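Residue numbers (our numbering): 1202 to 1651.
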């Protein structure tokens, strides 16, 4: 059976960027940047993206493109006889399922808020009533299940239509719409009365504020954010590597994806901070920023319903682009492991992912007294396992596989990464890849576990 290919280079870049651009870019980045001293944090974040995120991304793409297989089979195609690297292939699949077990629920929240804002359900409410709407949603298993099933069905339907006709076509439209909506929202924010203070808080480095938070804390959170923003370590990128030709070097393509991802994170800050400073809101309030603070702002501003609807549409697109990318990975792994058709793998996963996503939905209401791993609820537990264990561990394995003689080897990696036109990975970088890079990710792993 001939492997499907993506139709265009733009499709590949937008798909990979869509996978990287998720809810974390939008709600986590602005508030972590705010806590970490604004511009000072942003500077370190950009540095870590280049020295940490970018290399691992090229490794995932290289493994995918060289093997022309999904992550469950990629290692088997590249490892030497008798080696056991392919065990990690199965772990990436487990990671993808675990990620979707809570991500589908959160994507559902975005769609629910898009609907509520669009039909005017938040209009004219005071601050407490807006906050009440979030609590009300979490307490209602019916509403949450409806949106979660909607997200799963939509994702599976798009992937079932095939790589070019489904995933590539839909993601292209969605990503371009996402970028346009963001620019419109950012321009609108720049004309708010508090824009100047908001922007200086966000973009001007304040080392004093950084010292208050702790320099090491800021560095580590910048490193974490740079690492997690690209969705590396679960093979979600290597699958797209397996769908592209060898016309362009992988470093050049990775740089484009990282720039797009960063553009979205920075633009999210440009949208959120001016609004926070205009309406006197705490900009470091974390997830509640999206569901309580911002809806309050939209409820009070001119044309608030329009801006609020656009904002939640963009948030829904950011979430759905990741869902589609990871679903593609899961469905493709299923096809390679069982030899079944795309339609059959899609149908089986429709049932499977829906069932696996239910505990997260119920964890906020019927099962709210269920605590795993200390005091964590179901969503937090799933998130912890993926973010603190599977992603950093997976990235270390990809790195060691690509640069040590015990794996695929640096020469093979270098040849694959530099095939095609564009930026080339230099040979002198090997010691950094072999010793420093795994160590940096190991620090992230240890910090996450602590």
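Every residue gets a Cβ at the ideal spot worked out from N, C-alpha and C, and that includes glycine.
Because the structure is a prediction, the values reported are computed rather than measured.
Non-local beta-carbon contacts of residue 1562 in its own chain, meaning distances under 7 Å to residues more than five positions away in sequence, involve 1306, 1342, 1345, 1346, 1349 in chain order.
If you look at residue 1541, you'll find it isn't in any alpha helix (DSSP H); DSSP assigns it neither H nor E. Using a C-beta cut-off of 8 Å, the segment 1459-1473 makes no contact with the segment 1281-1297, since fewer than three inter-stretch Cβ pairs fall below that distance. For residue 1236, the enclosing alpha helix (DSSP H) has its first and last residue at 1230-1236. Here the segment 1586-1593 makes contact with the segment 1289-1307; the two share three or more CB pairs at distances below 8 Å.
In the three-state reduction of the DSSP assignment, residue 1204 falls in the coil class, being assigned neither a helical nor a strand state. Within the DSSP bridge table, the entry for residue 1577 names 1573 as partners.
DSSP, reduced to helix, strand and coil, places residue 1280 outside both helices and strands of the structure shown, so it counts as coil. Under the DSSP assignment, residue 1627 falls outside any alpha helix (DSSP H); it carries neither an H nor an E label. Nearest to residue 1507 by C-alpha distance, out of 1422, 1367, 1540, 1322, is 1322. Put simply, of 1204, 1380, 1480 the residue whose alpha carbon is nearest the alpha carbon of residue 1460 is 1380.
Residue pairing from DSSP leaves residue 1296 without any beta-bridge partner. DSSP, read as helix, strand or coil, puts residue 1337 in helix. Bridge partners of residue 1406 according to DSSP: 1239.
Counting every other CB atom within 10 Å of its CB across the protein chains shown gives residue 1497 a total of 16 or more, marking it as buried. By the C-beta density criterion, residue 1524 is buried, having at least 16 other C-beta atoms within 10 angstroms. Our two residues, residue 1475 and residue 1582, have alpha carbons roughly 33 Å apart in a direct line. Going by C-alpha positions, residue 1634 is about 25 Å away from residue 1446. By the criterion of a C-beta distance shorter than 6 Å, residue 1204 is surrounded in its chain by 1269, once the five residues flanking it on both sides are discounted.
The distance from the Cβ of residue 1454 to that of residue 1214 is about 7 Å, consistent with a contact at the 8 Å cut-off. In the structure shown, residue 1622 falls within a strand segment according to DSSP collapsed to helix, strand and coil. Of the candidates 1640, 1575, 1272, 1310, the residue whose Cα lies closest to the Cα of residue 1443 is 1272. Under the DSSP assignment, residue 1357 falls in the alpha helix (DSSP H) whose first and last residues are 1342-1361.
Beta-bridge partners of residue 1449 (DSSP): 1622. In the displayed model, residue 1269 falls within coil according to three-state DSSP, outside both helix and strand. Note that the segment 1567-1586 does not touch the segment 1381-1397; fewer than 3 beta-carbon pairs, one per stretch, sit closer than 8 Å. Under the three-state reduction of DSSP, residue 1550 is assigned to helix.
If you ignore the 5 residues before and after residue 1372, its C-beta comes within less than 7 Å of the C-beta of 1215, 1216, 1219, 1522, 1525, all in its own chain and listed in chain order. Under the three-state reduction of DSSP, residue 1482 is assigned to coil, being neither helix nor strand. In this structure, residue 1514 lies away from residue 1335, with their beta-carbon atoms at least 7 Å apart.
The residue among 1386, 1422, 1452 with its C-alpha nearest the C-alpha of residue 1511 is 1386.
Per DSSP, the unbroken alpha helix (DSSP H) holding residue 1422 starts and ends at 1416-1429.
The three-state reading of DSSP puts residue 1327 in coil, since its state is none of H, G, I, E or B. The beta carbons of residue 1599 and residue 1257 sit about 6 Å from each other, so the pair counts as a contact at 8 Å.
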